[in-house]
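Peer 1: Residue numbers (the working numbering): 2 to 163. Ideal Cβ positions, reconstructed from N, Cα and C, are used throughout, including at glycine. Would you mind keeping the following structure in view while I ask a few things?
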């Protein structure tokens, strides 16, 4: 039998950090919907409140969007709007999409929904990548400059006014 020391976890805990505002949400058996976040196809994790309204066509919509678009199209195509707006029609659409409306859509949102991908609110990594390339520097160059100018992190923050 193996004896383990220190922190050991056999739980299914999860933690999500927003790439825009740095909000950290964690919990047991938690998914992105529980954290009120989504992940774009590139891998940015974003709070729902930061999601952009995409300019996309039907094929780029998530399942909830496709369901809503089906209702819009049905209302414009049929003259009997009462039948289209009826609970039975909406229930029919719910039955079609209910198995697919899940957390899965939260793990592959379009780049059009992502404020990082659209550079409206770039992540720290994106800003750093830009600065390094724009200034023709490497991470090592920057680290060396930091070490030459400051004795430690506290001094650096103080002198930079952070």
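What does a CB cutoff of less than 8 Å around residue 102 pick up in its chain, not counting 5 residues either side in sequence?
Peer 2: Residue placement at residue 102 cannot be trusted, given a pLDDT of 47 that sits under 50; what the coordinates show is reported in the next sentence. These residues qualify, in order along the chain: 64, 65 and 68.
Peer 1: With 16 other CB atoms within 10 Å as the buried threshold, where does residue 160 fall?
Peer 2: exposed
Peer 1: Of the residues 34, 149, 144 and 132, which one's Cα is nearest the Cα of residue 109?
Peer 2: 34
Peer 1: What does a CB cutoff of less than 6 Å around residue 16 pick up in its chain, not counting 5 residues either side in sequence?
Peer 2: 27
Peer 1: Tell me which same chain residues have a C-beta within less than 8 Å of the C-beta of residue 53, skipping the five on either side of it?
Peer 2: 113, 114, 115, 116, 119 and 121
Peer 1: Candidates 107, 45, 73 and 49: which alpha carbon is nearest residue 32's?
Peer 2: 107
Peer 1: Please report the residue range of the beta strand (DSSP E) in which residue 26 lies.
Peer 2: 25-29
Peer 1: Could you tell me which residues DSSP puts in a beta bridge with residue 18?
Peer 2: 25
Peer 1: In whole angstroms, what separates the C-alpha of residue 140 from that of residue 133?
Peer 2: 7 Å
Peer 1: Quick test of your reading: residue 48 and residue 40, contact by CB under 8 Å. State the CB separation rounded to the nearest angstrom.
Peer 2: Actually they do not touch by this definition, with Cβ atoms about 11 Å apart.
Peer 1: Which partner residues of residue 47 appear in the DSSP bridge assignment?
Peer 2: 39
Peer 1: Give me the residue from 42, 124 and 71 with the minimum Cα distance to residue 18.
Peer 2: 124
Peer 1: Hey, quick one: how far does the alpha helix (DSSP H) through residue 108 stretch, first residue to last?
Peer 2: Counting along the chain, residue 108 sits inside no alpha helix (DSSP H), nor does DSSP assign it H or E at all.
Peer 1: Determine the direct distance from the alpha carbon of residue 129 to that of residue 30, and round the result to whole angstroms.
Peer 2: 33 Å
Peer 1: Report yes if the C-beta distance between residue 42 and residue 20 is below 7 Å; otherwise report no.
Peer 2: no
Peer 1: State the Cα-Cα distance for the pair residue 127 and residue 72, rounded to the nearest angstrom.
Peer 2: Residue 127 and residue 72: Cα-Cα distance of roughly 39 Å.
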